[in-house]
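For the sequence shown, the residue numbers in my numbering are 1 to 259.
Even glycine gets a Cβ: it sits at the ideal position worked out from N, Cα and C.
Since we're looking at a predicted model, the values are computed, not measured.
All remarks here apply to the structure that follows.
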Amino acid sequence: GTMNVFDRNINFDALFKFSHISASTQEHLKRVYGSFALCMFVAAAGAYVNVVTQLFQVRGAGAGGQRVSGWGVVSSPRPPLAPQFSLLTGLGALGLMIWLTATPHSKETEQKRLGMLAGFAFLTGINLGPLLEMCISINPSIIPSAFLGTAAVFTCFSLSALFARRRSFLYLGGETGAPGGCRDPRGDGDVPNSPPSLLPPGFLLSGLTLMLLSSVVNAFVGSTWLFTANLYLGLMIMCGFVLFDTQLIIEKAEGGDKD
Numbered sequence: 001g002t003m004n005v006f007d008r009n010i011n012f013d014a015l016f017k018f019s020h021i022s023a024s025t026q027e028h029l030k031r032v033y034g035s036f037a038l039c040m041f042v043a044a045a046g047a048y049v050n051v052v053t054q055l056f057q058v059r060g061a062g063a064g065g066q067r068v069s070g071w072g073v074v075s076s077p078r079p080p081l082a083p084q085f086s087l088l089t090g091l092g093a094l095g096l097m098i099w100l101t102a103t104p105h106s107k108e109t110e111q112k113r114l115g116m117l118a119g120f121a122f123l124t125g126i127n128l129g130p131l132l133e134m135c136i137s138i139n140p141s142i143i144p145s146a147f148l149g150t151a152a153v154f155t156c157f158s159l160s161a162l163f164a165r166r167r168s169f170l171y172l173g174g175e176t177g178a179p180g181g182c183r184d185p186r187g188d189g190d191v192p193n194s195p196p197s198l199l200p201p202g203f204l205l206s207g208l209t210l211m212l213l214s215s216v217v218n219a220f221v222g223s224t225w226l227f228t229a230n231l232y233l234g235l236m237i238m239c240g241f242v243l244f245d246t247q248l249i250i251e252k253a254e255g256g257d258k259d
């Protein structure tokens, strides 16, 4: 008789088994995604503080006034700080990122570097506050829609990179002209058996350059079509970076770099 497909036993453990990735690298990936989730929450807290309290924005109610936002009626017990504070938070975020990059990774500096990363995320969230409030004033549903869409894209492309053959997407950031394949960004030689693709090697950096040039041109031209094309090109490039960076993290971890 005809086999009922619903009677088949599906082994979900085997579905999410990454046998081509070592156990230590899998633990490293858990820590990486844990740090990423922490930064997301801290950045959201920074944006919430900015939108609700209006501490770091120029406009707002005077002392003892009230205003209405997408979060409800919010009291403004004191006037907002000077606009220079936004510049200070931006410079602070840049300084923390430079400090984090300059601090070598070790077990002794791990907690310190995590604090720097969290501080960078918080200041970045504060700087996103005005943009988020503008979105709320237009349509409050923009923010949850953008969050869910970004989460779906990131999850799908991260899983694609994890399930794919190792080093199969490194060519997206590799250099052209490497004989027999694409140059490995780690500097360990060529990526063997690079898969055929419609995208050329080094597509990501070339795409970023094209986006920059088209943005400069569009600043003078003001073309809606060019703006839309640049927007979708940026989406495609960011999806490619998720694939590339995920596999690069894996290869670095396999090589002993657990930063």
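Between the C-alpha atoms of I249 and D259 there is a straight-line separation of about 9 Å. Selection S168, G46, R113 evaluated against P130 yields G46 as nearest (Cα-Cα). In this structure, the CA atom of R167 is about 19 Å from the CA atom of K30.
For H28, the enclosing alpha helix (DSSP H) stretches over residues 23 to 53.
When Cβ pairs closer than 8 Å are counted between the two stretches, the region 235 to 254 is seen to touch the region 151 to 168, the count reaching three or more.
Annotation for L123: G46, T89, G90, G92, A93, L96 place their beta carbon closer than 8 Å to its own, counting only its chain and skipping 5 residues before and after. For the pair V221 and T209, the Cα-to-Cα distance works out to about 18 Å. Classified as buried, A161 has 16 or more neighbouring CB atoms from the shown chains inside 10 Å of its CB. Here N127 carries a helix assignment [DSSP, helix/strand/coil]. Contact between the region 31 to 46 and the region 113 to 127 is present: three or more C-beta pairs spanning the two stretches fall below 8 Å.
Cβ-Cβ distances below 7 Å link S214 to L226, N230 in the same chain, with the five nearest sequence neighbours on each side left out; the list follows chain order. Annotation for T103: T109, K112, R113, M116 place their beta carbon closer than 8 Å to its own, counting only its chain and skipping 5 residues before and after.
For I237, the closest alpha carbon among the candidates V51, L204, C135 is that of L204.
Between the C-alpha atoms of T246 and G202 there is a straight-line separation of about 16 Å. The C-alpha of F169 lies about 11 Å from the C-alpha of F163. Taking L128 as the centre and dropping the five residues before and after it, the same chain places the C-beta of A47 closer than 6 Å to its C-beta, in chain order.
For E254, the enclosing alpha helix (DSSP H) stretches over residues 224 to 254. In the structure shown, A164 adopts coil according to DSSP, grouped into three states. Cβ atoms of E254 and S22 come within 8 Å of each other, at about 6 Å.
A Cβ-Cβ distance of about 36 Å is found for the pair G256 and L233, leaving them out of contact under the 8 Å criterion.
Rounded to the nearest angstrom, the Cβ distance from V49 to I136 is 15 Å, too far for a contact under 8 Å. Between L132 and V51 the beta-carbon gap is near 6 Å, inside 8 Å, which marks them as a contact. Closest by C-alpha distance to A121, out of S35, M211, S106, is S35. Under a 10 Å Cβ-count criterion, H20 is classified as exposed, with fewer than 16 other Cβ atoms of the shown protein chains found around its own Cβ. Separation of H105 and N139 (C-alpha to C-alpha, rounded to the nearest whole angstrom) is 43 Å.
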